[in-house]
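Beneath this line is the structure, given in structure tokens, with notes to follow.
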Amino acid sequence: MKPRLVVTRTMPEAVVARAIADYETHFLDIEGRFGADKFLAALVGASAALVTPADRIDAGLIARIPACVKVIGTFSVGTDHIDLAAARGRGLAVVNTPDVLSFATAELALTLMLMAVRRAGEGERVVRALGWKGWTPNFMLGTSLEGKTLGILGMGRIGQALAPIARGLSMRVIYHNRRRLRPDLEQGAVFHAEEADFLGACDVLSIHLPGGAATRHWLNAGRIARIRPGAIVVNTGRGATIDDDALIAALVSGRIAAAGLDVFAEEPAVPSGYLVLENVVLLPHLGSATRETRVAMGLLALDGIDAVLAGRAAASRVV
Ligand code: DGY
20 MKPRLVVTRT
30 MPEAVVARAI
40 ADYETHFLDI
50 EGRFGADKFL
60 AALVGASAAL
70 VTPADRIDAG
80 LIARIPACVK
90 VIGTFSVGTD
100 HIDLAAARGR
110 GLAVVNTPDV
120 LSFATAELAL
130 TLMLMAVRRA
140 GEGERVVRAL
150 GWKGWTPNFM
160 LGTSLEGKTL
170 GILGMGRIGQ
180 ALAPIARGLS
190 MRVIYHNRRR
200 LRPDLEQGAV
210 FHAEEADFLG
220 ACDVLSIHLP
230 GGAATRHWLN
240 AGRIARIRPG
250 AIVVNTGRGA
260 TIDDDALIAA
270 LVSGRIAAAG
280 LDVFAEEPAV
290 PSGYLVLENV
300 VLLPHLGSAT
310 RETRVAMGLL
320 ALDGIDAVLA
330 GRAAASRVV
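To convert, take the position in the sequence shown, counting from 1, and add 19; that gives our numbering.
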């Protein structure tokens, strides 16, 4: 008999096919808000669950997960939506999807950077509103990324994927991280151990921090005051790492020239202060949203679940 797997959200076709082939799969196809009671009811008799970053698996819920469930796979590299300590305490394994989404997320960080410096969102809105009066030398001028300094905050896999792309645009790359990388991973990016030096050198700050209490509101008014005036801020990590009130105030004053944000603390809600600003690009958490990447994520999550249930080591095991 196949083990039972509960899948919270609709998955790419190839992932569905593999899940059905290997498991007695129960698809909840949740849209919008995650319902813990529905999830728990489906878990009766299950060995595993495949969840997403939109599903909050907190300590209270973990305490109610039936003992037959041995592993939770998350369709994400981020794990801040799961209480890992509670999972560890309950002996519940957690596997995620590292590596396979790094390039796609780096691509999206670049998209946001370009949109922000070249005012692409604003320009598109003008065209759609039939407000474009024609070409003039001073119309809607932005700035170039060429020769500018990109500061990568959090030089993990995604930051490391972004660095060579930025160099292709003739940007200088610096980074701030808990520790310095090996030279072969740095590939010429310059490490700044001191946060203040790092912030003062950034023309573009790209944030790649994990979520969680340790990084909450990392970008606050104090740190914004240390960034080079007129810099651009891009975030494809987790929304809660930015103090939105502080960033909105800096965008209004022009202290930060523009921002590109793909992630928000209370998704899908977006702070209203951003919605009225022309100098912020807002995307609906699209970092890993390519067909190729989403299939790879699903298959990797299933690899991890398979491995745990078979008693094998899983490289993607977090707990
Ligand atoms: C992740 O994997 O954590 C991403 O945020 C999903 O795109």
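Even glycine gets a Cβ: it sits at the ideal position worked out from N, Cα and C.
These numbers were taken from a predicted model, which means no experiment stands behind them.
Residues bridged to residue i [DSSP beta-bridge criterion]
i: residue 191; result: 168
i: residue 254; result: 226 and 280
i: residue 336; result: 114
i: residue 238; result: 261
i: residue 45; result: 25
i: residue 289; result: Residue 289 is not bridged to any residue.
i: residue 67; result: 24 and 90
Near ligand 1: residue i beta-carbon under 7 Å from a heavy atom
i: residue 314; result: no
i: residue 113; result: no
i: residue 72; result: yes
i: residue 225; result: no
i: residue 34; result: no
i: residue 116; result: yes
i: residue 170; result: no
i: residue 164; result: no
i: residue 211; result: no
Proximal residues to residue i (C-beta, below 6 Å), its chain only, five neighbours per side dropped
i: residue 141; result: 297
i: residue 131; result: 253, 279 and 300
i: residue 258; result: 282, 283 and 284
i: residue 238; result: 261
DSSP state of residue i mapped onto helix, strand, coil
i: residue 53; result: coil
i: residue 275; result: strand
i: residue 318; result: helix
i: residue 210; result: strand
i: residue 184; result: helix
i: residue 144; result: helix
i: residue 161; result: coil
Residues of its chain near residue i, where Cβ-Cβ distance is below 8 Å and the 5 sequence neighbours each way are ignored
i: residue 215; result: 245
Cβ shell of residue i (< 7 Å), same chain only, five flanking positions each side left out
i: residue 107; result: 338
i: residue 179; result: 204
task: Output the residue ranges of the beta strand (DSSP E) runs that lie fully inside the stretch 73-133 and measure 3 residues or longer, sorted by chain position.
output: 90-93 and 112-114, all fully within the stretch 73-133.
task: Just list the alpha helix (DSSP H) runs in the stretch 291-315, keeping only unbroken ones of 4 residues or longer that don't cross its boundaries, in chain order.
output: The stretch 291-315 contains these whole alpha helix (DSSP H) runs: 291-294.
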